[in-house]
Structures are given as structure tokens and as C-alpha cells.
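Visitor: Residue numbers (the working numbering): -9 to 193. The beta-carbon is built from N, C-alpha and C at its ideal position, and this holds for glycine as well. The structure presented is a predicted model; accordingly, all values stated were derived computationally and were not measured. Pasting a structure below so you can have a look.
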């Protein structure tokens, strides 16, 4: 006669033998399922919270980045574009560019036109390129020279001959003035000036 040991299967839950055991088993299954579901919901909630934080950080970073690139378009007197480049905060004009504006300033201040509207426009443009101290000096000069006194009788043509750098902050300008009175040339004179340049970014 051979005796065999009963094999216990630990991977399976034995069948309930009494109604109380069956009820307890059903209750355990329900509680266990609820706990598993609650744990899964908690994990999903934490995942959504982390995802929301990442998205919020990304949106804040993107909103702080400038997506607009300003450009500077150089045009001539007729409005035709000559050069297009990106605007740079540390841009410094070249000597030829400064020389052009200096020549324009001298022509506006020293030149005389028959039209009082043009004379006023030239002086207002000259004031746009002066500092506060320079504006005071230019105002004193305008009151002494009185550019509107000889309107209609005398005109002055200005021809800038050279603009060279005299120092790190100044330029030497040489020009010739030709005066006309009632359409007849009244004389020619040569002038020299040294102008101090201050480069100030527009605000």
C-alpha cells in the first residue's frame, strides 16, 4: 500500500467551504480591487500633476523668449531700400555714416533757401541731432544769425569738401559757402569746424 502526500497549491486560493468563508472571500476581493483602483488613480493623478507642471514651465519659458526680430532698412531719399540688416543693440555707426550726418547738419545750419518753410524744416532737423547743451548753443547762434532775416533776398549754397576724424569723439569739417543776392553771386568763403559727436541709442 502506497501513501501519497497531498500536494498544496500555493498559487490558488482554496474554495470556501462555509458561507462565512465565501462571504469573506468576496469581501476581500472587493476591498482589494478597490485598493488597487485607488492606487492606480493616485498614480494617474500624480502623473497628470507632473505633466501639468512641465507644460506650465514650458509655456512660461516660451512666453519669455522673444520671437520678434527687428530689422533696420536703409533707404535713400526716394524711399528705395538700399540695405536690410538685423537691428543690433551694440551697433556703432561707421565713419562714413557719421560724416554724412555731419555734412547734413552743416548744410542745414549754414545754408539759406528762398523758401522760409524749407529754412524752418532744415533748422528743426538740425535740432534733432543735437544734445541738450548743443541745442542751447544752436539757439544762441540762431538768435544772433537770424536765418529768416534775409529770406527772399539772399541765399547760401553749402558744399562740404571734407569730413575727417579729429579724435575719438570729434570730426573736422571743411566746407565752402557761396552766397547769392537776387540771383547774382555775391561771394565765396571757406569754413572749418570741429564738431563733438555723442552716440546715443534712440529711446
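Apply the 10 Å Cβ neighbour rule to residue 63 and answer buried if 16 or more other Cβ atoms are within range, or exposed otherwise.
Guide: Residue 63 is exposed by the Cβ-count criterion.
Visitor: Along the chain, where does the alpha helix (DSSP H) that runs through residue 111 open and close?
Guide: Here the alpha helix (DSSP H) through residue 111 covers 106 to 118.
Visitor: Do residue 102 and residue 146 have their C-beta atoms within less than 7 Å of each other?
Guide: Cβ distance < 7 Å, so residue 102 and residue 146 count as in contact.
Visitor: DSSP puts residue 161 in a beta bridge; with which residues?
Guide: Beta-bridge pairing links residue 161 to 155 and 185.
Visitor: Within the chosen definition, does the segment 89 to 101 reach the segment 113 to 126 through at least 3 CB pairs nearer than 8 Å?
Guide: Output reads yes: the segment 113 to 126 touches the segment 89 to 101.
Visitor: Measuring CA to CA, which of 120, 166 and 75 is closest to residue 190?
Guide: Ranking the options by Cα distance to residue 190, first place goes to 120.
Visitor: I'd like the span of the beta strand (DSSP E) that includes residue 131, first residue to last.
Guide: Looking at the DSSP string, residue 131 is not in any beta strand (DSSP E); the run it does join, the alpha helix (DSSP H), is 122 to 135.
Visitor: Can you tell me whether residue 202 is helix, strand or coil according to DSSP?
Guide: Residue 202 lies beyond the stretch modelled for the chain, which goes from -9 to 193, so this question has no answer here.
Visitor: So what does residue 149 bridge to, in DSSP terms?
Guide: Bridge partners of residue 149: 166.
Visitor: Kindly give me the distance between the Cβ atoms of residue 161 and residue 154, rounded to whole angstroms, as I take these residues to be in contact under 8 Å.
Guide: Right, their Cβ atoms sit about 7 Å apart.
Visitor: Using only the alpha-carbon positions, how far apart do residue 76 and residue 158 sit?
Guide: Those two C-alpha atoms are separated by around 26 Å.
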